[in-house]
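Under the numbering used here, think of the first position of the sequence shown as 61, with each following residue one higher.
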Amino acid sequence: MRKLLIFIVLSAVSFCLPAAAGPSVPFNLVFNKQNENVLTFTEVEPALGTDSEAVDEASSVSFPSLMSEADYEQYREAGVLPASIAAYWDVYGEGVTIYLTFGSGEYMLMNADSDSSGSEAYKKGLNYNVDISTIRSGSINLGAVGFKAEDYSSGDRIYLVGSEEAPESNASGRVVGSVTLNLGLPLPAENGIFPSGQYDGLITLNLVIME
Numbered sequence: 061m062r063k064l065l066i067f068i069v070l071s072a073v074s075f076c077l078p079a080a081a082g083p084s085v086p087f088n089l090v091f092n093k094q095n096e097n098v099l100t101f102t103e104v105e106p107a108l109g110t111d112s113e114a115v116d117e118a119s120s121v122s123f124p125s126l127m128s129e130a131d132y133e134q135y136r137e138a139g140v141l142p143a144s145i146a147a148y149w150d151v152y153g154e155g156v157t158i159y160l161t162f163g164s165g166e167y168m169l170m171n172a173d174s175d176s177s178g179s180e181a182y183k184k185g186l187n188y189n190v191d192i193s194t195i196r197s198g199s200i201n202l203g204a205v206g207f208k209a210e211d212y213s214s215g216d217r218i219y220l221v222g223s224e225e226a227p228e229s230n231a232s233g234r235v236v237g238s239v240t241l242n243l244g245l246p247l248p249a250e251n252g253i254f255p256s257g258q259y260d261g262l263i264t265l266n267l268v269i270m271e
């Protein structure tokens, strides 16, 4: 279908040019490649109407570092270390499912310090809260997604879009959306401190397409 559409447009231009007479005006002819899926993380949600090609990718997100007691006191009242990153998608399919998974094991964050590999801190790891917000409206059910650190278990998913088939109102099968992931790493209770080390984890954005 895409090849047929391009042929018709090009042939219309070629036939019109010899018949043109009088003043002329320059113009641009732009072809957009259709059905190219975009699935990525970005620092912030793009403004509504932003082209997918203009969305900047982000490869990481970090919680604030705690190097001193003053650093702890800065976040003690809130009780969590904050961080955020956004997920963006512009995908096609008769039906699409988009979901997030966190971590790659029992915990969302693991102590990556090789000197701590045998310690209790490394074995236990850390979990963080996940809350989702968005500047968009649509099928994302914000009241049903997210979880608290203490409720997380390995393999938990957050479904952003779940559908078995494209709705009649969206016959093209195109699904565009974005969400902001608001993360909160709880501080240890009773003015405690984290075991020292570098803690690493993964957030994975998954897409399942029904053809």
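Positions of the beta carbon are idealized from the N, C-alpha and C atoms, including for glycine.
Quiz item: Among Asn187, Thr194, Asp211 and Asn251, which one has its Cα closest to the Cα of Leu262?
Solution: Asn187
Exercise. Specify the secondary structure class of Ala1 as computed by DSSP and reduced to three states.
Key: Since the first residue of the chain shown is 61 and the last is 271, residue 1 is not available in this structure.
Quiz item: For the stretch 159-168 against the stretch 112-121, are there 3 or more C-beta pairs whose distance is under 8 Å?
Solution: Contact between the stretch 159-168 and the stretch 112-121 is absent, with fewer than three C-beta pairs closer than 8 Å.
Quiz prompt | Spatially closest choice to Val287 from Val205, Pro246 and Tyr152, by CA coordinates | solution = In the structure as shown, the chain begins at 61 and stops at 271. Residue 287 is therefore absent and cannot be evaluated.
Self-check item: Among Ser128, Ser213, Phe101 and Tyr148, nearest to Lys184 - alpha-carbon criterion
Solution: Measuring C-alpha to C-alpha distances from Lys184 to each of Ser128, Ser213, Phe101 and Tyr148 identifies Ser213 as the nearest.
Quiz item: Closest Cβ-Cβ distance between Asn242 and chain D: below 7 Å?
Solution: In summary, chain D is missing from the structure at hand, where a single protein chain is found.
Quiz prompt | Three-pair Cβ contact test at 8 Å for the stretch 137-151 versus the stretch 95-112 | solution = yes
Practice problem: Using 10 angstroms around the beta-carbon of Gly163, count the other beta-carbons present and answer buried if the total reaches 16, otherwise exposed. | Solution: Burial call: buried.
Quiz item: Where does Ile192 land, buried or exposed, given buried means 16+ other C-beta within 10 angstroms?
Solution: buried
Quiz prompt | Proximity below 7 Å, CB of Val239 to CB of Thr194 | solution = yes
Quiz item: In terms of residues, what are the limits of the beta strand (DSSP E) holding Thr102?
Solution: Judged by DSSP secondary structure, Thr102 falls within the beta strand (DSSP E) whose first and last residues are Val98 to Thr102.
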